[in-house]
Each structure stands twice: as C-alpha cells, then as structure tokens.
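Q: If you scroll down you'll find the structure; I have some questions about it.
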Amino acid sequence: MNSVLNKTIFDKLESTEIAGALLDAATNSGLPIAIWKLPQAEKFNVVLSYSNNIHIAQPEIENSPSGFIVSPFKTDSPISFIKADLFYSSDEVFPKEAPQAYGSEEFGNKQKFWDELEESVREIKRGKQPEYHTKSIEESNPENRAYMELVYKGVKSISEGAYQKIVYSRSKSVDKPSHFHATNAFLSLGYKYPTAFVSLISLPEEGTWIGASPEILIEVNSQRYFRTIALAGTQARDQFDKLCDATWRQKEIEEQALVGRYIISCFKKIRLREFEEIGPKTVAAGSIIHLRTDYKVDMEEVNFPQLGSVMLKLLHPTSAVCGMPKDVTMQEVCKNEGYDRHLYSGYLGPVNIEDNTNIFVNLRCMQASDEKLVFYAGAGITEDSDAEKEFNETEMKMDILRKVVLTQD
Numbered sequence: 076m077n078s079v080l081n082k083t084i085f086d087k088l089e090s091t092e093i094a095g096a097l098l099d100a101a102t103n104s105g106l107p108i109a110i111w112k113l114p115q116a117e118k119f120n121v122v123l124s125y126s127n128n129i130h131i132a133q134p135e136i137e138n139s140p141s142g143f144i145v146s147p148f149k150t151d152s153p154i155s156f157i158k159a160d161l162f163y164s165s166d167e168v169f170p171k172e173a174p175q176a177y178g179s180e181e182f183g184n185k186q187k188f189w190d191e192l193e194e195s196v197r198e199i200k201r202g203k204q205p206e207y208h209t210k211s212i213e214e215s216n217p218e219n220r221a222y223m224e225l226v227y228k229g230v231k232s233i234s235e236g237a238y239q240k241i242v243y244s245r246s247k248s249v250d251k252p253s254h255f256h257a258t259n260a261f262l263s264l265g266y267k268y269p270t271a272f273v274s275l276i277s278l279p280e281e282g283t284w285i286g287a288s289p290e291i292l293i294e295v296n297s298q299r300y301f302r303t304i305a306l307a308g309t310q311a312r313d314q315f316d317k318l319c320d321a322t323w324r325q326k327e328i329e330e331q332a333l334v335g336r337y338i339i340s341c342f343k344k345i346r347l348r349e350f351e352e353i354g355p356k357t358v359a360a361g362s363i364i365h366l367r368t369d370y371k372v373d374m375e376e377v378n379f380p381q382l383g384s385v386m387l388k389l390l391h392p393t394s395a396v397c398g399m400p401k402d403v404t405m406q407e408v409c410k411n412e413g414y415d416r417h418l419y420s421g422y423l424g425p426v427n428i429e430d431n432t433n434i435f436v437n438l439r440c441m442q443a444s445d446e447k448l449v450f451y452a453g454a455g456i457t458e459d460s461d462a463e464k465e466f467n468e469t470e471m472k473m474d475i476l477r478k479v480v481l482t483q484d
C-alpha cells in the first residue's frame with residue numbers, strides 16, 4: 076500500500092478524529108505513538124514510528140532526528156525514542172511522512188498500520204469511536220498508613236543526617252469508566268490546563284500514559300537558548316484570592332531552594348557561570364500552586380552547543396522527584412516505595428520538532444489499561460514534613476487528572 080495515495084481517507088475528518096484514528100491504529104499495530112500539546116499552544120502534534128525497536132542509549136539531542144523521547148524514572152532502564160516517521164499537527168489537513176526509505180522489518184509494520192488506520196477511519200465515519208487496546212497493569216496501592224510510615228521514616232533519616240530531602244510517591248487505581256477514551260482525556264486535559272505540557276503516549280512495553288506536567292526539565296529553542304526550572308512546594312490554590320497573596324512555610328521554601336541549588340550545582344560541574352536566574356515566584360498548576368525559579372542560558376554566548384544533552388543527563392532525576400543527594404535517595408526510593416514507578420517522574424517530550432526541543436518531567440500522570448486507570452503522585456519530604464499533610468498533597472496532585480478524566484464527556 077502506498078500511503079501517500081491514501082490521504083483521501085482523512086477527508087471530512089476533524090483534527091481530533093484524525094488523532095484518535097492514529098492512536099487506535101498505532102496501538103492495534105503495536106507501534107509507538109506520542110500526542111502532545113505544549114503550554115499555551117493552540118495546536119497539538121502527533122508523531123509515530125513504523126518501527127517498534129525504539130530503545131536508545133543516553134541521547135545526544137543536538138544530533139538527534141525529529142521525534143519524541145520517553146525515559147523512565149530509573150536511570151538504568153532503557154530510554155525510548157519515537158522517531159517521527161509520521162508527523163501530524165492539528166493545524167494541518169493530513170499527516171506527513173518523513174522522506175526516507177524503510178527496511179523490510181519496518182515495512183511490515185507500516186503495512187499493518189495503514190490497514191488498521193483505514194479501518195479506524197471507516198469506524199469514525201460510521202459514527203463509532205475507535206477503541207484502543209493496552210497492556211495490563213501490575214497494580215500497587217499502598218494504604219494511607221503505609222505511605223505515612225514512609226514519610227515518618229524519611230523524616231527520621233533526614234534528622235539523622237542520611238540525606239537532605241527525599242521524595243516518596245504512591246499510586247492509586249480505579250476501575251476505568253465505560254465512557255473513558257484516551258484521546259478524549261488528552262483533549263479534556265489540554266482544555267482544562269492550558270499552561271501544562273499535556274501528553275498521551277503509547278509504547279509497546281509501557282502501555283498508554285496520559286499526563287499534564289507543569290515542570291520543564293530542559294528546553295532548547297530555535298534561538299539556541301537553554302532553559303530549565305526549579306519547581307517545588309505545593310499548596311491548594313483556593314486558599315488565596317490572588318497568587319501574589321500566597322504565603323509559604325519554611326518547609327516549602329527550603330524544599331524549592333534545594334531544587335534550585337541542585338540545578339546550580341550542575342552548572343558548576345560543567346563550569347558554566349553565565350546564566351540568568353529569575354524567581355522564585357508563585358505559579359499555578361491547575362488547582363494547586365508551586366514555587367518556581369527559571370534558569371536561562373544563551374548557548375551561543377557561552378559556546379556550549381551540547382548544553383541540552385549534558386544537562387539532561389545531569390539533571391535527571393532532579394531533587395524535585397528523587398531527593399538530595401541523588402544517588403543515596405534514588406536507592407532509598409527504589410528500596411522503600413514498594414512498587415515500580417515506570418514512567419512516572421521520568422521525562423518525555425518532543426526533540427527537534429520545528430527546531431525546538433521541549434522535555435518535561437512526567438508528573439501529574441496516569442497509566443491506562445483495558446480495565447484500570449492508575450494515578451501517580453509524590454511529595455517532597457524534609458525534616459519539617461508532616462505525614463498527613465504529605466499524604467494529602469499526593470491526593471491533591473492526583474485530583475488534577477482524576478477530576479478531568481473520570482468526568483469527561
């Protein structure tokens with residue numbers, strides 16, 4: 076099948092219907108796909124690879140082809156890269172293929188994908204929403220008391236000098252509602268949280284994940300400016316009439332300052348002294364607020380064209396999702412949490428799409444299977460932490476997605 080000759084299958088379809096058909100065809104073909112919307116953007120984008128061989132080593136984003144990167148929380152786990160063999164933007168009429176040849180292995184996947192896509196489009200034109208199929212999920216739902224015991228343990232270890240901060244997370248599963256569809260959830264999140272990085276990805280080995288992250292890990296724009304942020308401290312937004320009225324406890328101020336100091340320590344490791352620091356300031360992320368500091372570097376001025384790749388390796392996982400110092404707290408998190416975070420608190424985002432790279436920490440996210448939705452959230456533990464407040468913070472963070480995807484039309 077020559078897909079170039081089959082653009083007519085998309086005639087009279089809305090952009091949201093095209094995205095749904097692409098997702099359905101990709102998951103049914105066992106191919107990786109990513110759909111995303113950048114903060115404040117009007118359009119969403121889609122990339123799909125005709126190959127399911129997507130594992131890569133530590134990325135060099137400056138020399139990378141266009142695509143979408145996905146990394147788990149654990150640094151010894153494989154990183155995935157969805158090469159943009161097929162690209163679609165919601166402000167365009169048709170998807171576009173990359174101008175390249177494919178080997179025999181990829182051609183078989185491509186053939187199956189286009190067969191599935193035609194079937195999905197036919198179903199849409201008949202008025203039936205396509206169904207996507209995902210892998211099953213191994214659930215782990217610690218009880219409230221178990222999570223609070225983790226917090227107590229963390230506070231005790233900090234007071235004994237074992238580390239400065241640790242981030243413990245938890246998961247919570249619910250039965251998937253009959254009305255749930257991944258594309259609709261993605262669109263609802265994009266509408267509800269326009270300042271977030273909203274994503275929907277499906278990987279053969281990790282299943283389907285949806286998120287609305289407020290946290291930039293690294294950004295390299297077309298003007299060759301590098302940017303990252305320190306984001307930490309959490310409160311409910313409805314406590315204050317205006318963001319400028321927000322007051323912060325010493326615990327939250329110190330928690331955010333630790334993240335900022337960690338970023339600066341990474342700059343020092345590579346002898347980078349010329350950077351702009353703005354903040355901290357209070358910012359909103361849906362129904363909650365955080366403290367945020369922005370860091371910006373002119374890569375041409377400092378003559379550091381590889382800064383994006385270098386900082387990506389140094390920063391992940393940041394103290395906002397792991398702790399300080401990183402090596403010690405990573406071991407403690409993996410030993411004590413009692414479940415595998417998988418993609419939660421890893422990173423993901425488009426690489427060299429329209430000459431921009433935007434990689435975010437995978438926060439405010441959930442995993443979908445045919446039967447369950449699993450939500451993830453964590454809280455930063457310091458010496459001043461209160462176990463019940465930290466548990467409630469994880470509930471607030473989960474609610475950002477839960478209230479949208481469980482009530483979507």
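Each number in our numbering corresponds to the 1-based position in the sequence shown with 75 added.
Backbone N, C-alpha and C define an ideal beta-carbon position, used for all residues, glycine too.
In angstroms, rounded to a whole number, what distance separates the CA positions of Val403 and Val385?
A: About 21 Å.
Q: For a minimum of 4 consecutive residues, which ranges assigned as the alpha helix (DSSP H) are wholly contained in the segment 325-403?
A: Here the runs fully enclosed are 325-344, 382-390.
Q: Kindly indicate which residue of Met473, Ile434, Ser139 has the alpha-carbon position closest to the one of Ile363.
A: Closest by alpha carbon: Met473.
Q: How long is the line joining the alpha carbons of Met471 and Gln186, rounded to whole angstroms?
A: Cα to Cα, Met471 sits roughly 44 Å from Gln186.
Q: For Cys397, collect the residues of the same chain with a Cβ closer than 7 Å to its Cβ; drop the 5 residues on either side in sequence, then sort them by chain order.
A: The answer, listed in chain order, is Val242, Thr404, Met405, Val408.
Q: Put Lys171 into one of helix, strand or coil per three-state DSSP.
A: Three-state DSSP puts Lys171 in a strand.
Q: Let me know the secondary structure DSSP gives Gln439 once reduced to three states.
A: According to the sequence provided, residue 439 is Arg. The question's Gln does not apply to it. Correct three-state label for Arg439: coil.
Q: Distance, Cα to Cα, Asn128 vs Lys410?
A: Each residue's Cα considered, the two are about 30 Å apart.
Q: Just verifying my parser: in three-state terms, what is the DSSP assignment at Asp320?
A: Asp320: helix per DSSP, three-state reduction.
Q: Roughly how many angstroms lie between the CA atoms of Leu347 and Pro174, to the nearest whole one?
A: Taking the straight line joining both Cα atoms gives about 38 Å.
Q: Taking 8 Å as the threshold (C-beta atoms), are Gly335 and Ala305 in contact?
A: The answer is yes: Cβ separation under 8 Å.
Q: In three-state terms, what does DSSP make of Arg302?
A: Here Arg302 sits in strand by DSSP.
Q: Alpha carbon to alpha carbon, how far is Ile345 from Leu476?
A: Computed Cα separation, rounded: 37 Å.
Q: Between Thr457, Leu278, Asn437, which has its C-alpha nearest Ile328's C-alpha?
A: With distances taken between Cα atoms, Ile328 lies closest to Thr457.
Q: List the endpoints of the continuous alpha helix (DSSP H) containing Ser90.
A: First-last of the alpha helix (DSSP H) with Ser90: 90-104.
Q: So for Ile110, helix, strand or coil by DSSP?
A: Of the three classes helix, strand and coil, the one that applies to Ile110 here is strand, per DSSP.
Q: Could you tell me the distance, in whole angstroms, from the CA atom of Gly455 to the CA atom of Glu330?
A: If I take the Cα positions, the gap works out to 7 Å.
Q: Expressed to the nearest angstrom, what Euclidean distance is found between the alpha-carbon atoms of Ile199 and Leu292?
A: So the two alpha carbons sit approximately 37 Å from each other.
Q: Are the Cβ atoms of Pro252 and Leu98 separated by less than 8 Å?
A: Contact: no.
Q: Smallest Cα separation from Phe148: which of Asp459, Glu349, Arg201, Cys440?
A: Per the Cα distances, Cys440.
Q: At 3 residues or longer, and completely inside the segment 235-287: list those beta strand (DSSP E) runs for me, N to C.
A: You should have 240-250, 272-278.
Q: DSSP three-state label for Leu161, please.
A: DSSP places Leu161 in strand when its eight states are reduced to three.
Q: Per DSSP, what kind of secondary structure is Leu503 in: helix, strand or coil?
A: Any answer about residue 503 is impossible in this case: the structure gives the chain only from 76 up to 484.
Q: Tell me which residues share the same chain as Ser179 and place their Cβ nearer than 7 Å to its Cβ, disregarding the 5 neighbours each side in the sequence.
A: Residue confidence for Ser179 is low, a pLDDT of 46 falling below 50, so the modelled location carries little weight and cannot support an answer.
Q: Is there contact between the segment 416-423 and the segment 274-283, where contact requires at least three CB pairs shorter than 8 Å?
A: Yes, they touch.
Q: Whose C-alpha, out of Asn437, Glu137, Thr469, is nearest the C-alpha of Pro380?
A: Nearest C-alpha to Pro380: Glu137.
Q: Determine whether the beta carbon atoms of Ile110 and Phe261 lie at a separation below 8 Å.
A: Against a cut-off of 8 Å, the Cβ pair of Phe261 and Ile110 comes out as a contact.
Q: Take Gly424 and list the residues in its own chain whose beta-carbon comes closer than 6 Å to its own, dropping the five residues that flank it on each side.
A: Here the set comprises Asn433, Ile434, Phe435.
Q: Measure the C-alpha to C-alpha separation of Gly413 and Met223 and round it to an integer number of angstroms.
A: Roughly 13 Å separates the two Cα atoms.
Q: Taking buried to mean at least 16 other C-beta atoms within 10 Å of its own C-beta, is Gln133 buried or exposed?
A: By the neighbour-count rule (16 or more Cβ atoms within 10 Å), Gln133 is not buried but exposed.
Q: Rounded to whole angstroms, what is the Cα-Cα separation between Glu465 and Ser244?
A: Between Glu465 and Ser244, the C-alpha separation is close to 10 Å.
Q: Ignore the nearest five residues each way along the sequence and tell me which others in Val230's own chain have a CB closer than 7 Å to its CB.
A: Within the same chain, Val230 has close Cβ partners Ile456, Glu458, Ser460.
Q: Work out the CA separation of Glu375 and Asn431 for me, nearest whole Å.
A: C-alpha separation (whole angstroms): 15 Å.
Q: Leaving out the 5 sequence neighbours to the left and right, which residues in its chain are closer than 8 Å to Ala221 when beta-carbon positions are compared?
A: Closer than 8 Å at Cβ, skipping near neighbours: Gly413.
Q: Going by DSSP in three states, Ser142 sits in which element: helix, strand or coil?
A: Here residue 142 is Gly; the residue named in the question, Ser, does not match the sequence. Residue state, collapsed to three classes: strand.
Q: Run the CB neighbour count on Glu294, radius 10 Å, all protein chains shown included, and call it buried at 16 or more, exposed below.
A: Classification for Glu294: buried.
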